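Going by my numbering, the first residue of the sequence shown is number 848, and it counts up by one from there.
All remarks here apply to the structure that follows.
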Amino acid sequence: MKKNISSCLILAFALLLANVSAAQDYFDDFPEGYNPKEVGKLIAYRFIGAKHALHAGKWISYPETFYWNGALKFAKLTNDNELIELLQERFEPLFSTEKELLPIKNHVDLNMFGSLPLEFYQVTKEKRYLDLGLPYADTQWQVPDDAKSEQKEWADKGYTWQTRLWIDDMYMITIVQTQAYKVTGDVKYIDRATREMALYLEELQCPNGLFYHAPDVPYYWLRGNGWMAAGVTELLRHLPKDHEYYSRIMKGYQKMMKSLKKYQNEDGIWNQLIDEPDYWSETSGSAMFTYALITGVKHGWLNAKKYAPVARKAWMALVSYVDEKGAVSEVCVGTNKKNDKQYYFDRPRRKGDYHGQAPYLWCVNALLENR
């Protein structure tokens, strides 16, 4: 028995080494102009001095939060202390003169903000960031007095009262709960995220591995699926393998990645509606997919020989949409759900929109990380 166990461990280790070697072949050698550190610096420094992207003109929005967060992680990975200081300087007024720009804690698109001060806490170890960020995770499970009956019903089942079964939520909820778990070690946060993720997988994942925008919107919107791809990836990075939901979530992730491999365009990215070949190629959701693929290959969740070429092809294509000032083009603007196929085709496209800037940095950081 011991001999068999040892043989299995040796085989598993050999397979892991083979996967790592194959990944290095695709992720360690990029031509000039495509190096992730070079691209990342261009995009990250663009954020410094850029205008706030406010939510309804009142609060720091989720696209800005994630752009900020990606830039901070990039600075940490590359030991760029100058960039860290510049990002801190931009945040400092939120403790004083710009307090009114702090998001309130009453919606899935607002509570996600807590992930940013929690990332600052990991970088600086300053407790004031922890004190600011943690309540955003906690209030996501604290039912307010004015909650609607449907919200109370979700809470009674053990889910966040902010549950609405929009696929975007699977990054918004996952990122703040996972960050809270990372800084506190309290398993209640990771348990919340995993249970919520399992619910969304059951309710929204289709037989082909992709996701409708919502139960009443039967279209495979690219960035909506991108939020899921990034959210499930972020969760799996920190979820203990012996967790009760680990296998279910991994199964959902791998099923999605298999479908994305199938639908990748010849140019390397994906379309605004993933299964519609006549729709236009969109960069923000494609970058989210690329982040999920790179991370999956590096962690051994995906076979490197099959998926590393997909990820590399996507990265090479994505970089071609970045201009000399670090602005990403062909980014779909913020998009509500709508049961109207033409609505998704007609969404405006912008250059430099924070919806696109952020996931590019996720790709950069995934390529730079050892694992």
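We put the CB at the ideal spot given by N, CA and C, even for glycine.
Keep in mind that this is a model prediction, so the values were computed, not measured.
Item to complete: May I ask you to verify whether the segment 1003–1010 touches the segment 1069–1082, counting CB pairs closer than 8 Å and requiring at least 3?
Response: no
Worksheet item: Could you give the C-beta distance for L981 and A1040, rounded to a whole number, given that I count them as a contact under 8 Å?
Response: In the sequence shown, the residue the question calls residue 981 occupies position 134. In the sequence shown, the residue the question calls residue 1040 occupies position 193. Not quite, the Cβ-Cβ distance comes to about 15 Å (not below 8 Å), so this is no contact.
Practice prompt. At 3 residues or longer, and completely inside the segment 1146–1177: list those beta strand (DSSP E) runs for me, N to C.
Written response: none
Practice prompt. Pair every Cβ in the segment 1171–1188 with every Cβ in the segment 1203–1215, then say whether three or more of these pairs are closer than 8 Å.
Written response: yes
Worksheet item: Quick one: what's got a C-beta closer than 6 Å to L1048's C-beta in the same chain, skipping five residues either side?
Response: Counting from one through the sequence shown, the residue named residue 1048 turns up at place 201. For L1048, where only same-chain residues beyond five positions count, the Cβ hits under 6 Å are G1099.
Worksheet item: Just curious, the alpha helix (DSSP H) that G1005 is in, first and last residue?
Response: To locate residue 1005, count along the sequence shown from 1; it is residue 158. DSSP places G1005 outside any alpha helix (DSSP H), giving it a letter other than H or E.
Worksheet item: Mapping DSSP to helix, strand and coil, what is N928?
Response: Within the sequence shown, the letter at position 81 stands for residue 928. When secondary structure is reduced to three states using DSSP, N928 falls in the helix class.
Worksheet item: If we count the other Cβ atoms within 10 Å of its Cβ and call it buried at 16 or more, is Q1111 buried or exposed?
Response: The residue given as residue 1111 occupies position 264 in the sequence shown. So Q1111 ends up on the buried side.
Worksheet item: Is R1042 helix, strand or coil when you go by DSSP?
Response: What you label residue 1042 is simply residue 195 of the sequence shown in a count that begins at 1. Helix.
Worksheet item: Distance, Cα to Cα, L930 vs E1000?
Response: Counting from 1 along the sequence shown, the entry for residue 930 is found at position 83. Counting from 1 along the sequence shown, the entry for residue 1000 is found at position 153. Cα to Cα, L930 sits roughly 45 Å from E1000.
Worksheet item: Going by alpha carbons, who is nearest to E911 out of R937, E1050, T1025 and A1139?
Response: Mapped onto the sequence shown, residue 911 falls at position 64. Ranking the options by Cα distance to E911, first place goes to R937.
Item to complete: List the whole-angstrom C-beta distance separating I1056 from Y1018, where the pair is believed to meet the contact cut-off of C-beta under 8 Å.
Response: The residue you call residue 1056 lines up with position 209 of the sequence shown. The residue you call residue 1018 lines up with position 171 of the sequence shown. Per the sequence shown, residue 1056 should be read as Gly rather than Ile. Going by Cβ atoms, the distance from G1056 to Y1018 rounds to 18 Å, so no, they are not a contact pair.
Fill in: Nearest-angstrom Cα separation, counted from V1030 out to A870
As a position in the sequence shown, residue 870 is number 23, starting the count at 1. As a position in the sequence shown, residue 1030 is number 183, starting the count at 1. Rounded to whole angstroms, A870 to V1030 spans 30 Å at the Cα level.
Practice prompt. Can you check DSSP and say which residues form a bridge with I907?
Written response: Within the sequence shown, numbered from 1, the residue matching residue 907 stands at position 60. The partner list for I907 (beta bridge, DSSP) reads L901.
Discussion item. I'd like to confirm the pairing. Which residues does DSSP put opposite L1120 in its beta bridges?
Written reply: As a first step, residue 1120 must be located in the sequence shown, where it is residue number 273. The partner list for L1120 (beta bridge, DSSP) reads W1068.
Fill in: Uninterrupted alpha helix (DSSP H) stretches inside the segment 916–978 (no shorter than 4 residues)
For the segment 916–978, whole alpha helix (DSSP H) runs of length 4 or above, ordered along the chain, are 928–938, 955–958 and 962–971.
Discussion item. Would P883 and L1140 be called neighbours here (beta carbons separated by less than 9 Å)?
Written reply: Translated into the one-based positions of the sequence shown, residue 883 becomes position 36. Translated into the one-based positions of the sequence shown, residue 1140 becomes position 293. For P883 and L1140, no; Cβs fall outside 9 Å.
Practice prompt. Verify the CB distance criterion: does G1073 have a CB-CB separation below 9 Å to chain B?
Written response: Going by chain labels, chain B is absent from the structure shown, which holds only one protein chain.
Worksheet item: For Y976 versus S962, is the C-beta spacing smaller than 9 Å?
Response: Residue mapping note: residue 976 aligns to position 129 of the sequence shown, counting from 1. Residue mapping note: residue 962 aligns to position 115 of the sequence shown, counting from 1. No; because the gap between Cβ atoms is not below 9 Å, this pair is not in contact.
Fill in: Where the alpha helix (DSSP H) through L1107 begins and ends
Within the sequence shown, residue 1107 is the residue found at index 260, counting from 1. Taken as a continuous stretch (DSSP letters only), the alpha helix (DSSP H) holding L1107 covers Y1093 to Y1110.
Worksheet entry | Presumed contact (8 Å Cβ cut-off) between E1050 and P1062, rounded CB distance | On the sequence shown, residue 1050 is found 203 positions in, with the first residue counted as 1. On the sequence shown, residue 1062 is found 215 positions in, with the first residue counted as 1. About 7 Å; that satisfies the 8 Å criterion.
Practice prompt. Identify the continuous alpha helix (DSSP H) that holds F1240 and give its terminal residues.
Written response: This structure gives no information on residue 1240, because the portion of the chain shown stretches from 848 to 1218.
Item to complete: Identify whether R1197 lies in helix, strand or coil by the three-state DSSP scheme.
Response: Against the sequence shown, residue 1197 aligns to sequence position 350. The three-state secondary structure of R1197, taken from DSSP, is strand.
Item to complete: May I have the straight-line CA-CA distance separating P1195 from D1089, to the nearest angstrom?
Response: Start at 1 with the first residue of the sequence shown, and residue 1195 comes out as number 348. Start at 1 with the first residue of the sequence shown, and residue 1089 comes out as number 242. Spanning the two alpha carbons is a distance of roughly 44 Å.
Discussion item. If I measure Cβ to Cβ from E973 and keep anything under 7 Å in the same chain, skipping five residues before and after, which residues do I get?
Written reply: Here the question's residue 973 lines up with position 126 in the sequence shown. Around E973: no qualifying Cβ.
Fill in: Alpha-carbon to alpha-carbon, S943 and R953
As a first step, residue 953 must be located in the sequence shown, where it is residue number 106. As a first step, residue 943 must be located in the sequence shown, where it is residue number 96. Just to set this straight, residue 953 is Asn in the shown sequence, not Arg. The alpha-carbon atoms of N953 and S943 are separated by roughly 22 Å.
Item to complete: Give the DSSP bridge partners of C1179, in chain order.
Response: Reading the sequence shown from its first residue, position 332 is the one you call residue 1179. Its beta-bridge partners are R1196.
Fill in: Close-in-space but distant-in-sequence residues of the same chain around Y968 (CB under 8 Å, 5 per side omitted)
Looking up residue 968 in the sequence shown gives position 121. Around Y968: K974, Y976, L977, G980 and V1030.
Worksheet item: Exposed or buried, what is N916 when buried is set at 16 or more other beta-carbons lying within 10 Å of its beta-carbon?
Response: Numbered from 1 along the sequence shown, position 69 holds the residue referred to as residue 916. Counting Cβ neighbours within 10 Å, N916 comes out buried, since at least 16 surround it.
Worksheet item: What does DSSP give as the partner residues of Q1052 in its beta bridges?
Response: Mapped onto the sequence shown, residue 1052 falls at position 205. In the DSSP secondary-structure assignment, Q1052 is bridged to F1058.
Practice prompt. Please report the Cβ distance between Y1126 and F1192, rounded to the nearest whole angstrom; I am assuming they are in contact, meaning their Cβ atoms lie under 8 Å.
Written response: Taking the first residue of the sequence shown as 1, we reach residue 1126 at position 279. Taking the first residue of the sequence shown as 1, we reach residue 1192 at position 345. Contact holds; Cβ gap of about 6 Å.
Worksheet item: When the distance is taken between beta carbons, is A1076 closer than 9 Å to F874?
Response: Counted from its first residue, the sequence shown places residue 874 at position 27. Counted from its first residue, the sequence shown places residue 1076 at position 229. Against a cut-off of 9 Å, the Cβ pair of A1076 and F874 comes out as no contact.
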